[in-house]
Structure formats: structure tokens, C-alpha cells
Amino acid sequence: MSTQLASVVIIGASHAGLGVTHKLLRQTTKASITLINPSDEYYFNIAAPRFLVKPESLPSSKYLFNIRDSFTEYPNDTITFIKGLATKIDYAKKSSHPEAPPPRPSGQGRLKLPFKTTAFENTRDAISAAQKTLQSATRIVIGGGGPLGVELTGELAEAPGPAKTITLISKTESLLPDAPTTVQRTAESLLQRKSIEVLKPVTVRHATQDPNTQTWTITLSTDQTITADAYISTTGTIPNNAYIPTTFLTPDGWVKVDEHLNVVDTETSLPDIYAVGDITYHPDRLLSRVSKQAITVAVNIVSRIENEYRPVRYSADAQMKMLVVSVGRGTGTGHLAGWTLWGCLVWVFKGRDYLTYEAGKFWRGRAK
Ligand SMILES: Cc1cc2nc3c(=O)[nH]c(=O)nc-3n(C[C@H](O)[C@H](O)[C@H](O)COP(=O)(O)OP(=O)(O)OC[C@H]3O[C@@H](n4cnc5c(N)ncnc54)[C@H](O)[C@@H]3O)c2cc1C
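See below:
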């Protein structure tokens, strides 16, 4: 007698999507899963500040993994991978529409670096192009004094090749605005020791690139103008929500979820649609949050499929507060459970290889 399988569609095969997929495949045999992603490679983007600036420091095998290869342990008929882009979620019809990735857009006011996978290009080509651009640039401006801005600046200060002049622009009075004061001060002093110019509190009014010379002109809130070979924006995550019904979104574009991570449509929790990871409205958009959320969603889906519905909850407030920021290979700063981290600990935990020892766990959905 054949058993009807529950059909589950998962959009996105990064840390969150792969986490949910593997956890479901391990916990139930009653689901048929379709996973949609524009690239067929899982990208461990966490190490991007290191390998974009120092290509020799990490081989691509440490941060790019074939998605299909992670499914070898499961029966073939339980998982279908589609290389494509979901362009619309039609909740009433319970369907999504995958399409081939669209052509690459042009004309953005910043150097486009592959901090995450994008919908319109081959990740390997994008990484290689970014590495070449950063290698040849000698005058670089970075807009955004959060963790990514600080990490990228620290790596650029140690970049091989011609010496670089680097300016970091921070909108806030202190770098790492959400961190304790000691961590903020350490970050700034480590960068100053690397001869980085830090401008704060200053914002970038606009940045334009001359199409002939490729030179950037960056105009600041102080009316100062800087010309540079590269302008990199690290001012925060932008919601990638074009395919999501607007009634699922907060005014600033993130997906509303309840404590079970079910999507909330206007005021109503939808029992059979979930959101996980950066796209949710939970403010800490961190890898360290993704696994807990993936576990929550997988357990809740499985318990529905198995007709034993006992939902588990996800509490953003209950998650441990931590921040680990490398400033170059050998040092950094951060905090964990109220303790400030010494530079040598940051080196052990992150600076040595930028957490790439964790990448395989995320690729196989085994991160906890
Ligand atoms: C450079 C960098 C360094 C970071 N470092 C750290 C760190 O040290 N520690 C930490 O905790 N966090 C860090 N973060 C944050 C971390 O990367 C995010 O929290 C994490 O990527 C969230 O994972 P996600 O799967 O929710 O989303 P994403 O990683 O954004 O993945 C979304 C996936 O969905 C796919 N997708 C998008 N739209 C569609 C569509 N329409 N159809 C199909 N697929 C689609 C994308 O291609 C992608 O594969 C860093 C972020 C960046 C950018």
C-alpha cells in the first residue's frame, strides 16, 4: 500500500534552508521535499571578509559545496533540488513559481561584493571578480561600522600586494553600535593600530562611479568628498522579499512570524507556512540564530505530518548574546555571555580560519 507523502517546498538553500531540509529528511519519511535555490552551491559566506581580500588564505573547497552532494544519505525520491528562483508565493493555491535566474542588473551606488549568494550570477565568478578588484584597489572606502565593516577593514589592512589607504565611515559615534563599550573601544583601537582612518559620526550621502575611469566619488554628510578605487557598503541586510506576499511583511519588509515560526498573514498565523533565518523580523540576523530556528521549524512540520502536533517555540530573547569580530588574522574583539573576549580567543574561535571548520556542519544540516 502506498502512503501519500506530504509535499514540502523550501525556498533558499543557504544556512537556514539546508538546515530545515536535512532536519526534515532525518526526522520523517513521510515528506517529499522540493528545495529551490538560484545556485547549486552552498556558500559559507561567513568567511567572505577573509577570502575576498586574501584569496590564498582559504581554498574554495572550504566555503563552496555542491548542494546535491549533501543529500547522498537519503532515498532519491524524498528530495528534489531545483536550481532556480522563486518569483511568487501563491498562498491560496499553495504553490511557488521557480524560474531561471534573471539577468544581472547594473548601475548600483557601491562596489558589489558577494557577501551572500545572489540571484543573477555564478558565485565562483563573482568571488573571483571581487578578489581581483580588491587586490588592485589602493584607495578604499567602507561605509558601515558594524561587524562586517570592521572585519573587512581589518582584512584589507593586511591585504597582500600594494599598500592600501582605507577609510571606514561609521554613522554612529562608536563602531559596533550594539556591542558593549569595551568591545567598541577595542575595535577602534585595533583598527587605528593598523593605520585605518575612521570617520564618525558621518554618513555617506552618495557614491558614484565614473564609467570611464571606474573611480568612485563618495560624498559625506560633512560635505567632504573622497575619491577611491573601491567603495564598499556594509550598512546592513536588505530584505529579499520581492516574491513574498506583502501581507506577510512588516512595514520595513521582513516576514512576520509567531513563536512557532509560522508566518503571520496580517494578524493570523498560517498553519502550513514558516519562515526561518534572516528574512524573519527577528532583529539578530546571525548564523548563530539560524540552527535553532531550523530545528524549531523542522520539529513543527514533522509533528504536523505525523499527526502528533505538539509545536515547539522559538524565543529570540532566550538566545545567548554574543559577538565575535576578527580584526585581521591575529586578533579581534567580542563578547560572550557578558564576558569581553580577548584577542587571542577571537583568533582561536574565528580569526584562524573564519569558522570554516563549521561550514560542513551547516551544509549537511548538522549544526546545533
Ligand atoms: C559577509 C557576512 C559575514 C557574516 N558573518 C557572520 C558571523 O560571523 N556570525 C554570524 O552569526 N552571522 C554572520 N553573518 C550573518 C549570516 O550570514 C546570516 O545570518 C545568514 O546568512 C542567514 O542565513 P539565511 O539562510 O537565513 O539567509 P541567506 O544566507 O541570505 O540565504 C538565503 C538563500 O535563499 C536564496 N534565495 C533568495 N531568494 C530566493 C528566491 N526568490 N528563490 C529561491 N532562493 C532564493 C539565496 O540565494 C540564498 O541561498 C554574516 C553575514 C555576512 C553577509
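Using our numbering, you'd call the opening residue of the sequence shown number 2 and step up by one each time. Using N, Cα and C, we set each Cβ at its ideal position, and we do this for glycine too.
Does the Cβ of residue i lie closer than 6 Å to at least one heavy atom of ligand 1?
i: residue 126; result: no
i: residue 265; result: no
i: residue 37; result: yes
i: residue 87; result: yes
i: residue 249; result: no
i: residue 23; result: no
i: residue 244; result: yes
i: residue 241; result: yes
i: residue 334; result: no
i: residue 116; result: yes
i: residue 259; result: no
Can you give me the start and stop residues for the alpha helix (DSSP H) that residue i sits inside?
i: residue 126; result: 124-137
i: residue 183; result: 182-194
i: residue 213; result: Residue 213 -> no alpha helix (DSSP H), and no H or E assigned at all.
i: residue 152; result: 148-158
i: residue 291; result: 288-306
i: residue 313; result: Looking at the DSSP string, residue 313 is not in any alpha helix (DSSP H), and its letter there is neither H nor E.
i: residue 347; result: 344-347
My output table needs one value for residue i: the three-state DSSP class, helix, strand or coil.
i: residue 1; result: Given a span of 2 to 369 for the chain in the structure shown, any question on residue 1 remains unanswerable.
i: residue 17; result: helix
i: residue 222; result: coil
i: residue 43; result: strand
i: residue 333; result: strand
i: residue 51; result: helix
i: residue 241; result: coil
i: residue 38; result: strand
i: residue 104; result: Because the pLDDT at residue 104 is just 49, under 50, the model does not fix this residue reliably, and the point stays unresolved.
i: residue 61; result: helix
i: residue 2; result: Low local confidence applies: a pLDDT of 44 at residue 2 is under 50, so the model's placement there is unreliable, and no value is given.
i: residue 22; result: helix
i: residue 89; result: strand
i: residue 206; result: strand
i: residue 228; result: strand
i: residue 96; result: strand
i: residue 258; result: strand
i: residue 248; result: helix
i: residue 280; result: helix
i: residue 33; result: strand
i: residue 56; result: helix
i: residue 70; result: helix
i: residue 269; result: strand
i: residue 119; result: coil
i: residue 341; result: strand
Where does residue i land, buried or exposed, given buried means 16+ other C-beta within 10 angstroms?
i: residue 39; result: buried
i: residue 158; result: buried
i: residue 328; result: buried
i: residue 162; result: exposed
i: residue 292; result: buried
i: residue 239; result: exposed
i: residue 71; result: buried
i: residue 213; result: exposed
i: residue 222; result: exposed
Have a look at residue i and residue j and give me their C-alpha separation to the nearest angstrom.
i: residue 252; j: residue 164; result: 44 Å
i: residue 177; j: residue 326; result: 9 Å
i: residue 374; j: residue 287; result: This structure cannot settle anything about residue 374, because the visible part of the chain is limited to 2 through 369.
i: residue 207; j: residue 145; result: 13 Å
i: residue 173; j: residue 192; result: 16 Å
i: residue 166; j: residue 225; result: 17 Å
i: residue 134; j: residue 232; result: 11 Å
i: residue 195; j: residue 243; result: 41 Å
i: residue 57; j: residue 330; result: 13 Å
i: residue 367; j: residue 278; result: 16 Å
i: residue 259; j: residue 313; result: 11 Å
i: residue 23; j: residue 112; result: 35 Å
i: residue 250; j: residue 205; result: 28 Å
i: residue 171; j: residue 348; result: 24 Å
i: residue 160; j: residue 316; result: 40 Å
i: residue 48; j: residue 356; result: 7 Å
i: residue 333; j: residue 131; result: 24 Å
i: residue 4; j: residue 308; result: 14 Å
Taking the continuous beta strand (DSSP E) assigned at residue i, which residues delimit it?
i: residue 66; result: 65-67
i: residue 140; result: 140-144
i: residue 360; result: No beta strand (DSSP E) holds residue 360; the alpha helix (DSSP H) holding it covers 360-364.
i: residue 324; result: 323-327
i: residue 169; result: 166-170
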